[in-house]
Amino acid sequence: MSKVPVLVTGGAGYIGSHAMLALKDAGWSVAVIDDLSNGARQAVPDDVPFYEGNVADRALVGRIFAEQGIQAIMHFAGSIVVPESVEDPLKYYGNNTVATHALLSAAVQAGVKHILFSSTAAVYGAPERVPVAEDDPKEPINPYGASKLMTEWMLRDASAAHPFNYGALRYFNVAGADPQGRSGQQGKGSTHLIKVAVETAVGKREQVAVFGTDYPTPDGTCIRDYIHVSDLAAAHVAALERLIAEPDENLVLNCGYGRGLSVLEVLDAVDRLTNRPIKRVLEGRRAGDPPNLVSANQRILETLDWHPQYQAIDRIVGDALAWERKLVERGA
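Note that this note's numbering gives residue 32 to position 32 of the sequence shown, counting from 1, and the numbers run on in steps of one.
As structure tokens, then:
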């Protein structure tokens, strides 16, 4: 299996930067494009070629392909906040679907052979059964999930017509930070529970809002399948290796641990690690949130050479907390 040059879109962002580091650690040649709308330039090491710009810029993307000899893409660039997608759906169809169309068109023209797409469990909507498997119905309940599903369809149809293969990795709830402290979640105004909770723990926020306590779950709060960002990054490297080894095969894989934790269970873990309870404020349900979303992850375990290393919630929260304390030290 040859380690081809890889373009990481959104590589200055949260998940993209961890995937870029995982590729670099494994000896791949990597370049990054990011418009820095939600990324940080310092997340990309100085020895990684960096291009500031949008993936919808066909001329810029074409130049990157030529200059770096790109043969594979890991595509993370996009918008990811569920409530915002309900309020501003056109932004999400623009950033997640239309921009990917431009990127994909440039990739086909340049002869890029492998594309790995950052998809989401939101494509399932509020599933009738949990754990939810890859072939279960896709009925997104918010524009974020719908925009990602449309992109999956576009990749499927384009790969049938052009000589490339693709992978769509459907993330469940990504959290944590690089265990070596090189990267973590930096975006302002995050709505991700663990990020909000550790920001509260270090004094950046006064409280954590718990959105909905009347869901049909054991403690009334939403249940999610949390996956450590470094395990997810390792899954991307393994998926790219598979795409290269099996060029006639496409991949659609859930990325999760196959177990769920409620909002209150996650907050209990934060309290446990800090020995100081954070303030919780109970509020009404938030638009677009399904009650229970947990992955059936047999397919990824059977398909890829991937072995999660950081599954314990205390490890996920602990790494997120260590990163947040590092940001405080930097004054960020």
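All C-beta atoms in this analysis are idealised placements derived from N, C-alpha and C, irrespective of residue type, glycine included. In this text the structure is predicted, and so the values were computed from the model without any measurement.
{"Item": "Extent of the continuous alpha helix (DSSP H) to which H18 belongs", "Value": "14 to 25"}
{"Item": "Pair within 8 Å by beta-carbon distance, T151 and T97", "Value": "yes"}
{"Item": "Exposure of W323, with buried meaning 16 or more beta-carbon neighbours within 10 Å", "Value": "buried"}
{"Item": "Coil, strand or helix - V270 by DSSP", "Value": "helix"}
{"Item": "Where V198 falls: helix, strand or coil (DSSP)", "Value": "helix"}
{"Item": "DSSP-derived helix/strand/coil call for Y310", "Value": "coil"}
{"Item": "Enclosing beta strand (DSSP E) for V210 [first to last residue]", "Value": "208 to 211"}
{"Item": "Residue nearest to I278 in terms of C-alpha spacing, selected from V202, E329, P291", "Value": "V202"}
{"Item": "Beta-carbon proximity list for T191, same chain, < 6 Å, skipping 5 on both sides", "Value": "V81"}
{"Item": "When F172, L149, R276 are compared against N297, the one with the closest alpha-carbon", "Value": "F172"}
{"Item": "Cβ pair A59, L240 closer than 8 Å", "Value": "no"}
{"Item": "Buried/exposed call for E206, threshold 16 Cβ in 10 Å", "Value": "exposed"}
{"Item": "Per DSSP, cross-strand counterpart(s) of I73", "Value": "L7, I115"}
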